[in-house]
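K.L.:
Protein chains in written order, with this note's numbering: chain A, 1 to 207; chain B, 1001 to 1124.
Glycine is no exception: its CB is placed at the ideal position from the N, C-alpha and C atoms.
One structure follows; several queries about it will come next.
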Amino acid sequence: MSAAEQALESGDAVPLSLRGPAPTRVVAGYGFWLFLLSDIIIFAAFFAAYAVLSGETAGGPTAADLFDKRHVLIETACLLASSVTCGFGSLAVQSGDRNSTYFWMAITFILGVTFLSLEVSEFSHMLELGAGPSRSAFLSAFFTLVGTHGLHVTMGLCWLIVMLLQAATLGFQPMVSRRFFCFGLFWHALDIVWIGVFTIVYLGAHL
Amino acid sequence: MSTEFEAQGMAPGAHVQTHGTRLSYLIGLGYAVVLTLASFWASSTDLVYPPGVPILLGVLAIAQMGIHLVFFLHISSAPDQANNILALAFGTFVVGLLVFGSMIIMAHLNHNMMPMDRLIQMQR
């Protein structure tokens, strides 16, 4: 091991201030992380609104009447599994393995679509029951919070298609693999938001 | 020579694997599955003192968020992650302010609000 490597390993020989600018990958990751945190703050506002309004049903259906725990468990399983396959996909991108990138990202896409279709079927069922967003303050807050999450998942799926097209046409350039990296962060962050959703909205309903 | 070039051309710690391995994703998945099932179980069990269930659910959710941050988003205490950690701390602070601040303020307003029937009486 060379002296330079040893210095890096021990981490104290080269002070942070003397190490020069961070590489694009670290900077891009940091910028995207800031975006994700601000996105999570948007969700925090919707969570706060839901927490305040969840009891205001205006004589309409309550949370305990509407939500089916089994359904949510399947949705959660889809999203969790897609998080892991997305992680496997990022590893494949890193090692430049084209086929396994396509394979894992395709599975991620399918699981994401399954999650979305479950959510859409739940929403349409609620609308049939007359429990749309205009029924009560509780339902407005519910549709805003869960709908925003669903919208993010939809955007993520569109992004994933674009990334797969870029991988096919541009190959695994540093630029493309950076974008894949940011996509992975986005997808995992959505899963973190979903933990809050199923705990507060769906499990909180049956307490 | 080449290592010296690498030491200057790459990020500090960039040659250290920061994106985990398949095993780390699977370990994360294992923890996440256990915590998810635990919170679904906790929400419908009689074994836990009922007023304690929301707290238990909160603890399980926060634990699972931590697991996701470490095993999926690869947040760590590595030197090149210092900025990410600081941003995360600030984000958590703002989220806490927003959620708990709103809940406290609204509960307080609700508490001080005139009962609806008397409000309607006054409007006549």
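Mapping the DSSP letters down to three states, classify B/His1108 as helix, strand or coil.
P.N.:
helix
K.L.:
Should A/Ser121 go down as buried or exposed, given a rule of 16 or more other Cβ atoms within 10 Å for buried?
P.N.:
exposed
K.L.:
Taking 8 Å as the CB-CB cut-off, is A/Thr57 touching chain B?
P.N.:
So no, A/Thr57 is outside the interface.
K.L.:
Could you pull the start and end residues of the alpha helix (DSSP H) that A/Thr57 belongs to?
P.N.:
No alpha helix (DSSP H) holds A/Thr57; DSSP gives it neither H nor E.
K.L.:
For A/Ala81, which of B/Thr1021, B/Tyr1025 and B/Gly1020 has the nearest alpha-carbon?
P.N.:
B/Tyr1025
K.L.:
Can you list the residues of chain B that A/Phe47 reaches, using a CB-CB cut of under 7 Å?
P.N.:
Neighbours of A/Phe47 across chain B, judged by C-beta separation under 7 Å: Val1099.
K.L.:
Can you grab the Cα-Cα spacing for the pair B/Ala1089 / A/Ala58, in whole Å?
P.N.:
Cα-Cα distance, rounded: 38 Å.
K.L.:
So, with DSSP's three-state summary, where would you put A/Arg135?
P.N.:
coil
K.L.:
List, in order along the chain, the chain A residues whose C-beta lies closer than 8 Å to that of B/Met1106?
P.N.:
Val52
K.L.:
Chain A partners of B/Asp1080, CB-CB under 8 Å?
P.N.:
Ala22 and Val26
K.L.:
Have a look at B/Asn1110, B/Phe1071 and B/Ala1107 and flag the residue whose alpha-carbon is nearest the alpha-carbon of A/Cys86.
P.N.:
It is B/Phe1071.
K.L.:
Should A/Ala92 and A/Ser83 be called a contact, given that it needs their Cβ atoms to be closer than 8 Å?
P.N.:
no
K.L.:
Kindly indicate if chain B contains any beta-carbon less than 8 Å away from that of A/Val197.
P.N.:
Chain B contact via Cβ: absent.
K.L.:
Residues in the same chain with beta-carbon distance under 6 Å from A/Asn75, minus the five sequence neighbours each way, listed in chain order, please.
P.N.:
According to the sequence provided, residue 75 of chain A is Glu. The question's Asn does not apply to it. The answer, listed in chain order, is Phe115 and Leu118.
K.L.:
Contact check, A/Ile195 vs B/Gly1091 under 8 Å by CB: the rounded distance?
P.N.:
That pair is no contact at about 15 Å.
K.L.:
In angstroms, rounded to a whole number, what distance separates the CA positions of A/Leu129 and A/Ala77?
P.N.:
26 Å
K.L.:
Where do the N-terminal and C-terminal ends of the alpha helix (DSSP H) with A/Tyr50 fall, by residue?
P.N.:
Thr24 to Leu53
K.L.:
Are the beta-carbon atoms of B/His995 and A/His188 separated by less than 8 Å?
P.N.:
Not covered by the structure: residue 995 of chain B. The range shown for chain B is 1001 to 1124.
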